[in-house]
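J.:
Protein chains: 2
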Amino acid sequence: MSLRHAVLGLLADRRASGYDLMKLFETSLAHVWSATQSQVYGELGKLADADLVEVSAEGPRGRKEYGITAAGRAELHRWLTEVEPVRTRRSDSLLRVFFLGELTPLEARTYLLNEAERSARQLAGLRQAEAAIDWDEDPLSAHGRLALEYGKRLSEMHEEWARWAVEQLKP
Amino acid sequence: MSLRHAVLGLLADRRASGYDLMKLFETSLAHVWSATQSQVYGELGKLADADLVEVSAEGPRGRKEYGITAAGRAELHRWLTEVEPVRTRRSDSLLRVFFLGELTPLEARTYLLNEAERSARQLAGLRQAEAAIDWDEDPLSAHGRLALEYGKRLSEMHEEWARWAVEQLKP
DNA sequence: TTTCGCATGTAATGTGTTACATGATTTC
DNA sequence: GAAATCATGTAACACATTACATGCGAAA
Numbered sequence: 001m002s003l004r005h006a007v008l009g010l011l012a013d014r015r016a017s018g019y020d021l022m023k024l025f026e027t028s029l030a031h032v033w034s035a036t037q038s039q040v041y042g043e044l045g046k047l048a049d050a051d052l053v054e055v056s057a058e059g060p061r062g063r064k065e066y067g068i069t070a071a072g073r074a075e076l077h078r079w080l081t082e083v084e085p086v087r088t089r090r091s092d093s094l095l096r097v098f099f100l101g102e103l104t105p106l107e108a109r110t111y112l113l114n115e116a117e118r119s120a121r122q123l124a125g126l127r128q129a130e131a132a133i134d135w136d137e138d139p140l141s142a143h144g145r146l147a148l149e150y151g152k153r154l155s156e157m158h159e160e161w162a163r164w165a166v167e168q169l170k171p
Numbered sequence: 001m002s003l004r005h006a007v008l009g010l011l012a013d014r015r016a017s018g019y020d021l022m023k024l025f026e027t028s029l030a031h032v033w034s035a036t037q038s039q040v041y042g043e044l045g046k047l048a049d050a051d052l053v054e055v056s057a058e059g060p061r062g063r064k065e066y067g068i069t070a071a072g073r074a075e076l077h078r079w080l081t082e083v084e085p086v087r088t089r090r091s092d093s094l095l096r097v098f099f100l101g102e103l104t105p106l107e108a109r110t111y112l113l114n115e116a117e118r119s120a121r122q123l124a125g126l127r128q129a130e131a132a133i134d135w136d137e138d139p140l141s142a143h144g145r146l147a148l149e150y151g152k153r154l155s156e157m158h159e160e161w162a163r164w165a166v167e168q169l170k171p
C-alpha cells in the first residue's frame, strides 16, 4: 500500500491537487515510485473517505486542493517507523540476464552494452537534474537529494557491472 | 508480461513442473523476479493454451512436467532481442527517504542505519550462496552468476549510500 | 501411522495500466 | 479563435497476493 503513503507524504510537505501530485510523481518521484493519473485520483478519494486527507480549497476548473489531516500525518509516521518496507524485487532487465544463454554471444554482448549505455545516459541526466534543482527550496528536496544520490550511484554501478559482465561473456 | 517470459526462460533450460518452477523462483530468481504459486500454475496453463509450452510427462501425485516448444523458444528469443525491458521503478525503502523530514533526526538516522545493516547482511548471504553453488553445473547458472554479482554490487552500494546519507543528516 | 514434502488448483481481493470521456481557463 | 495546459473522473482489463481446498507418496 505504498501509493497511499506516497500521496500522504507529498501532502505532508504541502497542499496539492491531484494534478499537482501527478506532476510530482512524474518529476521528483519518477525514479522511486511511479503512479498513473487514475491511481492518484482514486487514492485521493479513498484517503479523503478515511479522513487522512481533506479538501482544503476549491479552485477554477473544478480544482480540488487537498491537505493532510492530523490522522493522516499520524498514519504517515506510523508507516515510516513501524512498517517494514516491502522488498519485492522485480527487474525485467536483470531477469533477461539469466536467459542470455538463449542468445548468440553477439546478441548477448549487444544487450549488455545497451544496458551500459542506458545507465551512462541516465547518470548524465541525473547530474543535469541535480544542477538544475534549487536545493534548500523545501524540506522535501533536502531528502530528495539523498534519493537522487542513490540514483546516481545506482546508474554508475549498473554501467560498471554491465561492462564487467560483457568481459565475462567471452571465454 | 515478464512472468510469462520468466517461466519460458526457465523451461528453456530444462523441463520442470509447476512445483519445480516455484522452487526456482524462490531460489535462483528470488532477487530478480518474484512469483507466487498461483501465478506460476496459472501462467503454465495460459502458456500451454498458447502452445508455447507442453506437458512433456506426467508423474506421481498428478505431477505434470512441462517443456518449452519451438514456438515458445522463438517467443523467448523475440522478447530478449526485440522487446525493450520495462523499467517501472518502485522502491518502498527509497520512497521513505523522501519523507524522512517527517521524522525526528534520531528516527531518520535509525531508519538509514537499519537499511545499511540489512544490506550488509544481504551481501553476506549472497557471498555464502555464491560459495555454495556448483558453478558450470548448467548454462542457467553461468548467467545467473552475472546476476548474483549484480546483487552483490547493489548491496554494497546500498550500504555505502546509507552510511553516507546518515552523515548528510547531521547538519 | 503420522508427519513431511510433493503436487495442483480455484476464489476473492487488491493493485496497476490503458483507454475513454469531458470540459474550463489561459495564452498566443 | 485555436492550441496548450489545467483539471477531474470512470471503465475495462491485466497482473499480483492471500487464502482456501484437496490429496498422494515416502520416510520416520
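Respectively, the protein sequence lines represent chains Y and U.
Everything in the first sequence is counted per the UniProt record's numbering, starting at 1 for the first residue and increasing by one.
Everything in the second sequence is counted per the UniProt record's numbering, starting at 1 for the first residue and increasing by one.
Glycine is no exception: its CB is placed at the ideal position from the N, C-alpha and C atoms.
Spell out whether any CB of chain Y is found under 8 Å from the CB atom of PRO105 (chain U).
T.: Not closer than 8 Å to any Cβ of chain Y, the Cβ of PRO105 (chain U) fails to qualify, so no.
J.: Given a cut-off of 8 Å, decide if LEU29 (chain Y) and ALA57 (chain Y) are closer than it, judged by their beta-carbon atoms.
T.: No; because the gap between Cβ atoms is not below 8 Å, this pair is not in contact.
J.: According to the neighbour-count rule (16 or more other Cβ atoms, all chains shown, within 10 Å of its Cβ), is SER17 (chain U) buried or exposed?
T.: It is buried - the Cβ of SER17 (chain U) has at least 16 other Cβ atoms within 10 Å.
J.: Going by DSSP, what residue range makes up the beta strand (DSSP E) through SER56 (chain U)?
T.: Start and end: 53-58.
J.: Please report the straight-line C-alpha distance between ALA120 (chain Y) and TRP135 (chain U), rounded to a whole angstrom.
T.: Looking at the two C-alpha atoms, the distance is approximately 31 Å.
J.: Could you name the residues of chain Y that VAL97 (chain U) contacts, counting a contact when the two beta carbons are closer than 7 Å?
T.: Within chain Y, the residues near VAL97 (chain U) are HIS143, LEU146, ALA147.
J.: Span of the alpha helix (DSSP H) holding GLU43 (chain Y)?
T.: Residues 37-49.
J.: At what residue ranges does the UniProt domain "Transcription regulator PadR C-terminal" (90-170) of chain U contain a whole run of the beta strand (DSSP E), taking only runs of 3 or more?
T.: Counting whole runs of 3 or more residues, the UniProt domain "Transcription regulator PadR C-terminal" (90-170) of chain U contains no beta strand (DSSP E) stretch at all.
J.: Are any of the Cβ atoms in chain U nearer than 8 Å to that of TRP86 (chain Y)?
T.: Looking at the sequence provided, one finds Val at residue 86 (chain Y) rather than Trp. Chain U, which has a Cβ nearer than 8 Å to the Cβ of VAL86 (chain Y), makes this yes.
J.: Could you confirm whether any beta carbon from chain Y is found closer than 8 Å to the beta carbon of GLU82 (chain U)?
T.: Closer than 8 Å: no.
J.: I'd like to know if TYR150 (chain Y) contacts chain U, where contact means its C-beta is closer than 8 Å to some C-beta of that chain.
T.: Yes, because at least one Cβ of chain U sits closer than 8 Å to the Cβ of TYR150 (chain Y).
J.: Spell out a yes or no on whether the region 144-162 of chain Y and the region 150-167 of chain U are touching, meaning 3 or more CB-CB pairs, one atom from each, closer than 8 Å.
T.: Output reads yes: the region 150-167 of chain U touches the region 144-162 of chain Y.
J.: TRP33 (chain Y) CB to nearest chain U CB: under 8 Å?
T.: For TRP33 (chain Y), the answer is yes, since a Cβ of chain U falls inside 8 Å of its Cβ.
J.: Using three-state DSSP, classify GLU65 (chain U) as helix, strand or coil.
T.: Of the three classes helix, strand and coil, the one that applies to GLU65 (chain U) here is strand, per DSSP.
J.: Taking buried to mean at least 16 other C-beta atoms within 10 Å of its own C-beta, is VAL32 (chain Y) buried or exposed?
T.: The residue is buried, with at least 16 neighbouring Cβ atoms inside 10 Å.
J.: Please confirm whether GLY72 (chain Y) and LEU8 (chain Y) have their CB atoms less than 8 Å apart.
T.: Yes, they are a contact pair.
J.: What first and last residue would you give for the alpha helix (DSSP H) that runs through ARG4 (chain Y)?
T.: Note, ARG4 (chain Y): alpha helix (DSSP H), 2-13.
J.: From the DSSP output, which residues share a beta bridge with TRP33 (chain Y)?
T.: Per DSSP, U:ARG90.
J.: With a cut-off of 8 Å on the beta carbons, I'd call VAL40 (chain U) and LEU21 (chain U) a contact; round off their distance for me.
T.: Rounded, the Cβ-Cβ distance is 5 Å, consistent with contact.
J.: Taking the continuous alpha helix (DSSP H) assigned at THR27 (chain U), which residues delimit it?
T.: Taken as a continuous stretch (DSSP letters only), THR27 (chain U) belongs to no alpha helix (DSSP H), as it is neither H nor E.
J.: Consider the Cβ of ALA6 (chain Y): report whether some Cβ of chain U lies at a distance smaller than 8 Å.
T.: Answer yes: the Cβ-Cβ gap between ALA6 (chain Y) and chain U drops below 8 Å somewhere.
J.: When you compare only the Cα positions, how much space is there between GLU65 (chain U) and ARG96 (chain U)?
T.: Straight-line Cα distance between these residues: approximately 43 Å.
J.: On the criterion of 16 or more Cβ atoms from any shown chain inside 10 Å, does GLY45 (chain Y) qualify as buried, or is it exposed?
T.: Classification for GLY45 (chain Y): exposed.
J.: CA-CA distance, GLU82 (chain Y) and TRP79 (chain U)?
T.: Each residue's alpha carbon lies about 40 Å from the other.
J.: Terminal residues of the continuous alpha helix (DSSP H) containing ALA16 (chain Y)?
T.: Counting along the chain, ALA16 (chain Y) falls outside any alpha helix (DSSP H), and DSSP gives it neither H nor E.
J.: Cutting at 8 Å between CB atoms, please list the residues of its own chain near ALA165 (chain U), excluding the five before and the five after it.
T.: Only VAL97, LEU112 meet the Cβ criterion.
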